[in-house]
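Engineer: Handing you a structure now.
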Amino acid sequence: NAGVTQTPKFRVLKTGQSMTLLCAQDMNHEYMYWYRQDPGMGLRLIHYSVGEGTTAKGEVPDGYNVSRLKKQNFLLGLESAAPSQTSVYFCASSYSAAMGETQYFGPGTRLLVL
Amino acid sequence: KQEVTQIPAALSVPEGENLVLNCSFTDSAIYNLQWFRQDPGKGLTSLLLIQSSQREQTSGRLNASLDKSSGRSTLYIAASQPGDSATYLCAVSGGGADGLTFGKGTHLIIQP
Chain A
-7 NAGVTQTPKF
3 RVLKTGQSMT
13 LLCAQDMNHE
23 YMYWYRQDPG
33 MGLRLIHYSV
43 GEGTTAKGEV
53 PDGYNVSRLK
63 KQNFLLGLES
73 AAPSQTSVYF
83 CASSYSAAMG
93 ETQYFGPGTR
103 LLVL
Chain B
9 KQEVTQIPAA
19 LSVPEGENLV
29 LNCSFTDSAI
39 YNLQWFRQDP
49 GKGLTSLLLI
59 QSSQREQTSG
69 RLNASLDKSS
79 GRSTLYIAAS
89 QPGDSATYLC
99 AVSGGGADGL
109 TFGKGTHLII
119 QP
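First to last, the protein sequences are chains A and B. In terms of the numbering used here, the first sequence has 44 at position 52, counting the first letter as 1, and numbering is strictly consecutive. Remember, the numbering used here sits 8 above the position in the second sequence when you count from 1.
Written out as structure tokens, the structure reads:
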């Protein structure tokens, strides 16, 4: 049982390049989330999904797109990377949004945009 | 908009001391509150989850309390150990599917 995994662990991009971050979970969770963590800002929600084929915007969605084609995978895309997108990206999943449910986090992807 | 504040931002104490980390939130209409631990370069690990109808939760040397009406939570760590050194994050859920609102964390160092 791997839990939540993220690929890649670290990436360097040049401004304007594109990339996709992959999140996979093997817990049969319905809900999946993408957060970014920046110094002095805490974690902020980018996009989330409440089930296969669904996506919704979070607090800071601009510059990102997401897809949930399979229940176990949640992809985060950067079409044209900007230095402001330098951050650590965390994926999380949960079975539901019920009161007693926690979110399980992946190890993070460190992205540097030059 | 919900805002979560954690005090102090950093704390350094000798091993063996009991300590309290504080979390406050502006909107008392929360679904639950969670405390996470984050080690350098790692992801987040859930420590304790307190549902809105509960007052506290305990796990080993950790005890978390929730006072929803005043918008406050505390994480009590008993008999601190060097292995407790990490960043502790407080997060609240508003009850929808739209994720958690996090505080900026308390960076804790336990001196051997």
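The beta carbon of each residue, even a glycine, is placed where N, CA and C say it ideally should be.
With L13 (chain A) and Q(-2) (chain A) assumed to form a contact (beta carbons below 8 Å), what rounded beta-carbon distance in angstroms separates them?
Structural biologist: Here residue 13 (chain A) refers to the residue found at position 21 when the first sequence is read from its first residue. Here residue -2 (chain A) refers to the residue found at position 6 when the first sequence is read from its first residue. Right, their Cβ atoms sit about 7 Å apart.
Engineer: State yes or no: is the beta carbon of Q95 (chain A) nearer than 8 Å to at least one beta carbon in chain B?
Structural biologist: On the first sequence, position 103 is the one that residue 95 (chain A) refers to. By this cut-off, Q95 (chain A) is an interface position.
Engineer: Identify every residue that forms a DSSP beta bridge with S101 (chain B).
Structural biologist: Against the second sequence, residue 101 (chain B) aligns to sequence position 93. For S101 (chain B), which the question treats as bridged, DSSP gives the partners B:N40 and B:L108.
Engineer: Under 8 Å Cβ-Cβ, which residues of chain A neighbour Q10 (chain B)?
Structural biologist: Counted from its first residue, the second sequence places residue 10 (chain B) at position 2. The contacting residues do not exist; Q10 (chain B) stays about 10 Å from chain A at best.
Engineer: Taking CB distances under 8 Å as the criterion, tell me whether F33 (chain B) reaches chain A.
Structural biologist: Stepping through the second sequence from its first residue, residue 33 (chain B) is reached at position 25. Output row for F33 (chain B): interface = no.
Engineer: Tell me G34 (chain A)'s beta-bridge partners as DSSP assigns them.
Structural biologist: To locate residue 34 (chain A), count along the first sequence from 1; it is residue 42. A:D30.
Engineer: Along the segment 59 to 81 of chain B, where does the CB come closer than 9 Å to a CB of chain C? Name the residues.
Structural biologist: Reference to chain C is not applicable here, since the protein chains of this structure are A and B.
Engineer: Quick check on DSSP: helix, strand or coil for Q119 (chain B)?
Structural biologist: Taking the first residue of the second sequence as position 1, residue 119 (chain B) is located at position 111. Reduced to three states, the DSSP call for Q119 (chain B) is strand.
Engineer: Indicate whether the contact test is met: 3 or more Cβ pairs, each with one atom in the segment 104 to 119 of chain B and one in the segment 65 to 76 of chain B, closer than 8 Å.
Structural biologist: no
Engineer: Do G111 (chain B) and G34 (chain A) have their CB atoms nearer than 8 Å?
Structural biologist: Counting from one through the second sequence, the residue named residue 111 (chain B) turns up at place 103. Counting from one through the first sequence, the residue named residue 34 (chain A) turns up at place 42. Their beta carbons are under 8 Å apart, which means G111 (chain B) touches G34 (chain A) by this criterion.
Engineer: Mark M24 (chain A) as exposed unless 16 or more other C-beta atoms lie within 10 angstroms of its C-beta, in which case mark it buried.
Structural biologist: On the first sequence, residue 24 (chain A) is found 32 positions in, with the first residue counted as 1. Answer is buried; the Cβ neighbour count reaches 16.
Engineer: Spatial neighbours of G(-5) (chain A) within its chain, please: C-beta separation below 8 Å, excluding the five flanking residues on both sides.
Structural biologist: In the first sequence, counting from the first residue as 1, residue -5 (chain A) sits at position 3. So the qualifying residues of the chain are Q17, D18, M19, Y96 and G98.
Engineer: Grouping DSSP H, G and I as helix and E and B as strand, with all else coil, what is D92 (chain B)?
Structural biologist: Here residue 92 (chain B) refers to the residue found at position 84 of the second sequence. D92 (chain B): helix per DSSP, three-state reduction.
Engineer: F2 (chain A): buried (16+ other C-beta within 10 angstroms of its C-beta) or exposed?
Structural biologist: Reading the first sequence from its first residue, position 10 is the one you call residue 2 (chain A). Around the beta-carbon of F2 (chain A), fewer than 16 other beta-carbon atoms lie within 10 Å, marking it exposed.
Engineer: Assuming G107 (chain B) and Y40 (chain A) form a contact by the criterion Cβ under 8 Å, report the distance between their Cβ atoms to the nearest whole angstrom.
Structural biologist: Looking up residue 107 (chain B) in the second sequence gives position 99. Looking up residue 40 (chain A) in the first sequence gives position 48. That pair is a contact at about 5 Å.
Engineer: Does P99 (chain A) get closer than 8 Å to chain B when you measure Cβ to Cβ?
Structural biologist: Position 107 of the first sequence holds residue 99 (chain A). True, the Cβ-Cβ gap to chain B drops below 8 Å.
Engineer: Once you ignore the five residues that flank S72 (chain A) on each side, which residues in its own chain have a CB closer than 7 Å to its CB?
Structural biologist: To locate residue 72 (chain A), count along the first sequence from 1; it is residue 80. G8 and S10.
Engineer: Since Y23 (chain A) meets chain B, which of its residues come closer than 7 Å, beta carbon to beta carbon?
Structural biologist: Against the first sequence, residue 23 (chain A) aligns to sequence position 31. What Y23 (chain A) touches in chain B: A105.
Engineer: Which residues in the same chain have their Cβ closer than 7 Å to the Cβ of T53 (chain B), if we skip the five residues on either side of it in sequence?
Structural biologist: By 1-based counting over the second sequence, the position of residue 53 (chain B) is 45. F44 and R45, listed in sequence order.
Engineer: So what does DSSP say about S67 (chain B), is it helix, strand or coil?
Structural biologist: If you number the second sequence from 1, residue 67 (chain B) lands on position 59. DSSP places S67 (chain B) in strand when its eight states are reduced to three.
Engineer: Can you list, in chain order, the residues of its chain with a C-beta nearer than 7 Å to that of G91 (chain B)? Leave out the 5 residues immediately preceding and following it.
Structural biologist: As a first step, residue 91 (chain B) is located in the second sequence; it is residue number 83 there, counting from the start. Excluding residues within five positions, none has a Cβ falling inside 7 Å.
Engineer: Just to make sure I have the definition right: I need the residues of chain A whose C-beta is within less than 7 Å of the C-beta of G51 (chain B). Which are they?
Structural biologist: Position 43 of the second sequence, counted from the first residue, corresponds to residue 51 (chain B). Near G51 (chain B) (Cβ distances below 7 Å), the residues of chain A are F82, F97, G98, P99 and G100.
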